[in-house]
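Input: a single structure, listed below in structure tokens.
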Amino acid sequence: MSHVLVITTSLRAKSNSDILAERLIAGAKDAGHTVEQVSLKGKDIRFCIGCLACQKTQKCVQRDDVAGIMEKVKNADTLVFSTPIYYYGMSGQMKTLLDRMNPLYSVNCRFRKVYMLSVATEDEAFVPEKAVSGLQGWIDCFEKAELGGTLFCGGIANPGEATNRTEELKEAYEFGRALE
Numbered sequence: 017m018s019h020v021l022v023i024t025t026s027l028r029a030k031s032n033s034d035i036l037a038e039r040l041i042a043g044a045k046d047a048g049h050t051v052e053q054v055s056l057k058g059k060d061i062r063f064c065i066g067c068l069a070c071q072k073t074q075k076c077v078q079r080d081d082v083a084g085i086m087e088k089v090k091n092a093d094t095l096v097f098s099t100p101i102y103y104y105g106m107s108g109q110m111k112t113l114l115d116r117m118n119p120l121y122s123v124n125c126r127f128r129k130v131y132m133l134s135v136a137t138e139d140e141a142f143v144p145e146k147a148v149s150g151l152q153g154w155i156d157c158f159e160k161a162e163l164g165g166t167l168f169c170g171g172i173a174n175p176g177e178a179t180n181r182t183e184e185l186k187e188a189y190e191f192g193r194a195l196e
């Protein structure tokens, strides 16, 4: 089995995306994977300044929590990003993290499959498309990686509501069991 890294990107305590990520993690563990979770809550993640120094050094010039997260990403077999959908896109902190992981583009990362779990108030099928597209753009920078799948849980409006959504909790669990 593989080492799965789940990155939760909501900054709200007990967020719906975190609740569903917990079920995904339970499913992945039950399937035999080792799972590590990184939450972006409380992390110092600064914006990319576009200096491109990382292209030569494989390190970012900024000193914050991103270097530690990148090390975990580089060494994971499988990545899962869990995000709330804001204005039909991924959370800003997820986008900022993806931008900052530019130093990984020229490094031989272990991950081959990347997955996304997303949650939104809206429940139409098109709601996560821009978030998935943004993640796909990041994945495209890694020639050996591919999007393994996505799970969208829509119609979850209130904080903590996912706790009572048995169908979505079951879907997240099964999504975790199916990770490669």
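In my numbering, the protein residues as written are 17 to 196. Note that the Cβ used here is the ideal one computed from N, Cα and C, for glycine as well.
Roughly how far, in whole angstroms, is the beta-carbon of residue i from the beta-carbon of residue j, given that I think they are within contact range, below 8 angstroms?
i: Ala136; j: Pro175; result: Not quite, the Cβ-Cβ distance comes to about 13 angstroms (not below 8 angstroms), so this is no contact.
i: Tyr131; j: Gly165; result: 5 angstroms
i: Ile35; j: Val54; result: Going by Cβ atoms, the distance from Ile35 to Val54 rounds to 17 angstroms, so no, they are not a contact pair.
In terms of DSSP beta bridges, what is residue i paired with?
i: Val20; result: Val51 and Thr94
i: Met132; result: Phe97 and Thr166
i: Tyr102; result: Gly105
Of the residues the options, which one's Cα is nearest the Cα of residue i?
i: Glu184; options: Cys76, Arg39 and Cys70; result: Arg39
i: Arg126; options: Ala92, Glu159 and Glu140; result: Ala92
i: Arg181; options: Asn32, Tyr102 and Leu195; result: Asn32
Who are the Cβ neighbours of residue i in its own chain at under 7 angstroms, not counting the five residues just before and after it?
i: Thr112; result: Ile61 and Phe63
i: Gly150; result: Gly105, Met106 and Lys111
i: Val77; result: Cys67 and Ala69
i: Met86; result: Met117, Pro119 and Leu120
i: Asp81; result: Lys59, Asp60 and Ile61
i: Val123; result: Gln74 and Lys90
What residues in its chain sit with their C-beta under 6 angstroms from that of residue i, if we drop five residues either side in the sequence?
i: Tyr121; result: Cys157
If I measure Cβ to Cβ from residue i and keep anything under 8 angstroms in the same chain, skipping five residues before and after, which residues do I get?
i: Glu52; result: His19, Val20, Leu21, Val22, Lys88 and Ala92
How about the region 142-150 and the region 159-171: do they share at least three Cβ pairs that are nearer than 8 angstroms? Result yes; three or more Cβ-Cβ pairs closer than 8 angstroms.
If we count Cβ pairs, one from each stretch, closer than 8 angstroms, do we get three or more for the region 187-194 versus the region 38-55? The region 187-194 vs the region 38-55: in contact.
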